[in-house]
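FYI, full-length UniProt numbering numbers position 213 of the sequence shown as 213, with every residue one higher than the one before it. All residues carry an ideal CB built from backbone N, CA and C; glycine is no exception. Bear in mind the structure is a predicted one, so any value in this text is a computation, not a measurement. Take a look at the structure below.
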Amino acid sequence: MTELSADHLVEREQDAEATEAKPRAQRRMAPIVPAQNIAGRALVLVIAIMTFLSCLTFGAVTLVRDTASVWENQISREATIQVKPVDGLDMEAALAQASQIAGEFPGVKATKIIDREATARLLEPWLGSGLNIDELPVPRLIIVTIDENSPPDFAAMRAAITPRLPSASLDDHRTWVDRLVAMARTTVTIGIAVLALMLSATVLTVVFATRGAMAGNGHIIEVLHFVGAEAQFIAREFRRHFLVTGMKGAAAGGAAAVLVFIVFSWWSSRNMATPQADQATALFGNFAIGSAGYLGVVLMVLVIGGLTAATSHATVVAYLSDIDVRQPDAG
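Dropping the structure here:
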């Protein structure tokens with residue numbers, strides 16, 4: 001009877017231990033950093049905004065660089081003869097004569113006279129539609145296409161045109177090329193500086209957010225650290241949390257920037273026939289950043305996500321090192 005009671009007590013103890021172990025096995029370990037809180041959502045929004053602005057800056061720099069390259073190539077392939085209207089001048093005959101003189105020089109591939117309709121369209125954004133070119137003292141243009149490898153002698157061409165047509169002038173655009181290159185380099189430099197400032201602001205934001213998260217969970221971190229948890233383990237938990245947070249915000253900001261470029265490119269392609277779109281296209285291209293621009297946006301998202309994780313990791317390690325320095329005093 002005694003042995004039976006002892007066996008029964010042992011079985012009851014084992015059942016009780018199994019009952020206690022079952023919910024213990026089902027209990028999930030809570031993360032050091034809360035997965036969802038107001039500060040975390042605010043950080044995602046801030047990172048999204050900074051990524052959006054950074055991608056827009058990068059895209060704008062790409063557009064300016066590509067457009068400047070197109071301008072430079074077009075200018076290096078073309079020269080312009082401008083014929084100003086004067087009293088007693090037969091404009092059409094003067095245009096034909098200047099075109100013939102320029103076409104005789106070696107290195108000139110072709111000449112094209114800008115007709116009245118095209119000239120009126122060029123002036124339409126400023127003077128409106130329905131212009132009568134004959135009633136206005138509007139200069140007329142001749143586009144001279146040149147061979148880039150063996151350009152013509154522009155000085156000799158000027159010397160041949162000016163005596164016959166005093167109101168005509170040749171512009172080889174070399175001065176504009178130099179100014180264009182200088183402007184493009186300045187714009188790219190300013191864009192890179194603005195991008196660096198935005199990335200710096202993002203890093204500082206992550207530092208403050210990490211310190212705030214550590215301040216809210218400081219007692220847990222100190223207990224874990226004092227009972228033997230390695231600094232790399234605690235830093236890894238923060239790095240993982242902020243990497244996810246940073247990638248969420250960066251992906252949202254990058255997607256918004258890509259959407260903006262797609263919308264502008266679609267608008268530009270849909271309004272090609274209007275004077276406003278022509279001027280915008282002439283200045284900024286078709287607002288298409290191309291494959292290199294989209295690849296840059298993806299890299300920007302990855303860089304900001306990586307910066308977020310690396311910054312939080314460095315901040316946690318510095319905080320734990322400071323605890324180690326203060327530990328003897330605390331003890």
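Where residue i falls, given that 16 or more other Cβ within 10 Å makes a residue buried
| i | result |
| --- | --- |
| P152 | buried |
| D267 | The residue asked about is misnamed: residue 267 is Trp in this sequence, not Asp. The residue is exposed, with fewer than 16 neighbouring Cβ atoms inside 10 Å. |
| L165 | buried |
| F226 | exposed |
| G293 | buried |
| L43 | buried |
| I190 | exposed |
| V263 | exposed |
| A182 | exposed |
| T111 | buried |
Neighbourhood of residue i by C-beta, 6 Å cutoff - its chain only, sequence neighbours within 5 removed
| i | result |
| --- | --- |
| H313 | A235, R239 |
| V260 | none |
Helix, strand or coil at residue i according to DSSP, with G and I counted as helix
| i | result |
| --- | --- |
| V258 | helix |
| R24 | Note that R24 scores 47 on pLDDT, short of 50, meaning its location in the model is unreliable; the coordinates nonetheless yield the value given after this. Here R24 sits in helix by DSSP. |
| V236 | Note that residue 236 corresponds to Arg in the displayed sequence, not to Val. Helix, per DSSP. |
| I142 | strand |
| V83 | strand |
| V227 | coil |
| L131 | coil |
| S167 | coil |
| E78 | strand |
| T111 | strand |
| A196 | helix |
| F242 | helix |
| I190 | helix |
| S150 | coil |
| L53 | helix |
| D178 | helix |
| G88 | coil |
| H313 | helix |
| P125 | helix |
| H219 | helix |
| A96 | helix |
| L136 | coil |
Contact set for residue i: own chain, Cβ-Cβ below 7 Å, skip 5 residues either direction
| i | result |
| --- | --- |
| V317 | A231, A235 |
| T315 | V207, T210, R211 |
| residue 354 | Given that the chain is displayed from residue 1 to residue 331, the structure contains no residue 354 and the question cannot be resolved. |
| D147 | G107, K109 |
| R24 | Note that R24 scores a pLDDT of 47, beneath 50, so its modelled location is shaky and nothing firm can be said. |
| A257 | F52, C55, L56, G59, V297 |
| D172 | A79, F154 |
| K22 | Bear in mind that a pLDDT of 46 at K22, under 50, signals an unreliable position, so the number given afterwards is only what the model happens to contain. Closer than 7 Å at Cβ, skipping near neighbours: no residue. |
Rounded distance between the beta-carbons of residue j and residue i, thought under 8 Å
| i | j | result |
| --- | --- | --- |
| G253 | I113 | Actually they are not in contact, since the Cβ atoms of G253 and I113 sit about 50 Å apart, beyond 8 Å. |
| L131 | A120 | 4 Å |
| G246 | G305 | 4 Å |
| A68 | L180 | 6 Å |
Contact under 7 Å by Cβ, residue i with residue j
| i | j | result |
| --- | --- | --- |
| V108 | V83 | no |
| I75 | I161 | no |
| E72 | V177 | yes |
| T308 | F233 | no |
| A250 | V301 | yes |
| P137 | P85 | yes |
| A98 | A168 | yes |
| V70 | T187 | no |
Cut-off 8 Å between Cβ atoms - residues of its own chain near residue i, not counting five sequence neighbours on either side
| i | result |
| --- | --- |
| A310 | R239 |
| S321 | A231 |
| L95 | V83, I113, R140, I142 |
| I192 | V61 |
| M198 | M50, L53, S54, T57 |
| S150 | P106, G107 |
| S123 | Note on identity: in this sequence residue 123 is Leu, with Ser being the wrong assignment. Excluding positions up to five away in sequence, the list reads L131, V138. |
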